[in-house]
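Chemist:
Chains as they are written, first to last, in our numbering: chain U, -9 to 110; chain D, 53 to 369.
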């Protein structure tokens, strides 16, 4: 069984997306990057991100990641902000009582996007 | 092979998605993940059945108003499609009554043709001429009212509102669009608490959603918070109070944000008053209608107060 099925598939993503997005918006370190965005569109993007981190189906490429985050990098997005998001991903999954080995797998997938997200 | 019609052009879809079909004809539709997740490629079916797969993950309000994701939609039959807020059809309605609801808000009642169909909470566009139109929310409820009711706020220098205020007369015929929008009440959770927040003529969709919910037997609490800068800009206050008196699960709180406190109104911006009274919105459904900046900030406040993004519906204007 793949990670996506083990974590619980789409229902798990749905359960995670509100928790995760709320943590991100409450975080003074990173919330400014979300100023003025359309929240419905952003929630859908968070869902796409979590689906990818959970090993689920997606068509994102490294190029898509770069293009999407380029304006944020210009606003100063760096490793510390990426670390903050990783923290919230872990905390969300812990809150949902996902077993630690699965959290580690999801974190590794998210971590693999770091260089693309930070455009380097 | 099923045909799709978009923007007046017709396409054979074959086994490709709507997004791929349109893109291959060099029609640009917003899109991103192409996996049915990011919802960037949201479209609306004006005619034809939407395959269930193209609606996976959408809010129930979007599903019941025939929205779908272009990247996941492989048409099974003829479909006429549009971007979410693009009006496709126009029709003519007769003005039956006009009434000033206050100095700046005009109530307009229209008799639409029989073919006109809408869901409580949707809006229509009203056309002054071929190229000039504005969206107005409907205050009427299809199962309760024969006529359409609009609340038009007079915008200083506004082309359409100025024309409606100064020139429209009972008996006139006006061109309107089909109903659009997804800030609607979907039955199924009659015990859920509903928070309805609006400013200015945003009262129209709130009245409509509340009446629709009550007529469908909604038993959970319904709170309506209607805000204006001053007392004179509120309207239908007595009618709203009477409605709240009639239904024990309905409360109505008029809010005034400027000037001295008034005995019969709450002081402050409507979202702030509502959130102070209901700090925990977990499991609530929230409707936000009115000024775009108010809607934007209230959406974030409601979400941070615990409402799920799936349960927050907005109609900014």
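Yeah, the Cβ is synthetic: ideal placement off N, Cα and C, and Gly gets one too.
(1) Considering Cα atoms alone, identify which of U:16, U:109, U:50 and U:92 is closest to residue 62 (chain U).
(2) What residue does the beta strand (DSSP E) around residue 201 (chain D) start on, and which one ends it?
(3) Inspect the CB distances between the stretch 65 to 77 of chain D and the stretch 90 to 110 of chain U and report whether three or more fall short of 8 Å.
(4) When the Cα atoms are used, what is the spatial distance from residue 41 (chain U) to residue 198 (chain D)?
(5) Mind checking who residue 215 (chain D) pairs with in its DSSP beta bridge?
(6) Using 8 Å as the threshold, is the C-beta distance between residue 157 (chain D) and residue 205 (chain D) below it?
(7) For residue 90 (chain U), would you say it is in contact with chain D, using Cβ-to-Cβ distances shorter than 8 Å as the test?
(8) Along the alpha helix (DSSP H) that carries residue -6 (chain U), what are the first and last residues, could you check?
(9) At 8 Å on the CB atoms, spell out the chain U contacts of residue 346 (chain D), in chain order.
(10) From residue 151 (chain D) to residue 25 (chain U), what distance separates their C-alpha atoms?
(11) Using a cut-off of 8 Å between C-beta atoms, extract the partners of residue 34 (chain U) located in chain D.
(12) Buried or exposed: where does residue 337 (chain D) fall if 16 or more other Cβ atoms within 10 Å of its Cβ makes it buried?
(13) Please confirm if residue 235 (chain D) has its CB atom under 8 Å from at least one CB of chain U.
(14) Quick one: which residues of the stretch 34 to 53 of chain U get their C-beta closer than 8 Å to a C-beta of chain D? List them in chain order.
(15) If you draw a straight line from the C-alpha of residue 367 (chain D) to the C-alpha of residue 248 (chain D), how long is it?
(16) Please report the distance separating the alpha-carbon of residue 328 (chain D) from that of residue 318 (chain D).
(17) Compare the C-beta of residue 297 (chain D) against all C-beta atoms of chain U and say whether one is closer than 8 Å.
(18) If you reduce the DSSP assignment to three classes, tell me which class residue 120 (chain D) lands in.
(19) Taking the beta carbon of residue 37 (chain U) as the centre, do at least 16 other beta carbons fall within 10 Å, making it buried, or is it exposed?
(20) If you follow the beta strand (DSSP E) that residue 249 (chain D) is in, where does it begin and where does it stop?
(21) Quick one: Cα of residue 80 (chain D) to Cα of residue 209 (chain D), how far?
(22) In angstroms with no decimal places, state the Cα-to-Cα distance between residue 221 (chain D) and residue 203 (chain D).
(23) Which chain U residues are close to residue 361 (chain D), counting only those with a beta carbon under 8 Å from its beta carbon?
(24) Rounded to a whole number of angstroms, what is the C-alpha to C-alpha distance between residue 113 (chain D) and residue 236 (chain D)?
(25) Thinking C-alpha only, which one of D:342, D:343 and D:323 is nearest residue 356 (chain D)?
(26) Please list the terminal residues of the continuous beta strand (DSSP E) segment that includes residue 94 (chain D).
(27) Would the C-beta of residue 13 (chain U) count as close to the ligand ATP, meaning under 7 Å from any of its heavy atoms?
(28) Please state whether DSSP places residue 68 (chain D) in a helix, a strand or coil.
(29) Between the Cα of residue 187 (chain D) and the Cα atoms of D:224, D:93, D:142 and D:360, which residue gives the shortest distance?
(30) Note the first and the last residue of the continuous beta strand (DSSP E) segment covering residue 132 (chain D).
(31) With C-beta atoms as the reference, is residue 258 (chain D) less than 8 Å away from residue 200 (chain D)?
(32) Got a sec? Which residues, its chain only, sit under 6 Å from residue -6 (chain U) by beta carbon, not counting five neighbours each side?
(33) Based on DSSP bridge pairs, tell me the residues matched to residue 339 (chain D).
(34) Just to confirm my understanding: we take residue 131 (chain D), look at its own chain, exclude 5 residues before and 5 after, and list those with CB closer than 6 Å. What are they?
(35) Under 8 Å Cβ-Cβ, which residues of chain D neighbour residue 148 (chain U)?
(36) So, under 8 Å CB-CB, residue 5 (chain U) and residue 86 (chain U) are touching, yes? Tell me the CB distance rounded to an integer number of Å.
Modeler: Based on what the coordinates show:
(1) U:109
(2) 200 to 205
(3) no
(4) 46 Å
(5) In DSSP, residue 215 (chain D) forms no bridge with anything.
(6) yes
(7) no
(8) -7 to -3
(9) Near residue 346 (chain D) there are no residues of chain U at all, since even the closest Cβ is about 14 Å away, more than 8 Å.
(10) 41 Å
(11) 89, 90, 91 and 92
(12) buried
(13) no
(14) 34, 35, 37, 38, 41, 47, 48, 49 and 50
(15) 11 Å
(16) 11 Å
(17) no
(18) strand
(19) buried
(20) 246 to 251
(21) 34 Å
(22) 15 Å
(23) 7, 8, 11, 29, 30 and 33
(24) 6 Å
(25) D:323
(26) 94 to 99
(27) The ligand ATP is not part of the structure shown, which contains no ligands of any sort.
(28) coil
(29) D:142
(30) 131 to 134
(31) no
(32) 44, 45 and 46
(33) D:248 and D:365
(34) 56, 97 and 100
(35) In the structure displayed, chain U extends from -9 to 110; residue 148 (chain U) sits before or after that span and is not available.
(36) 6 Å
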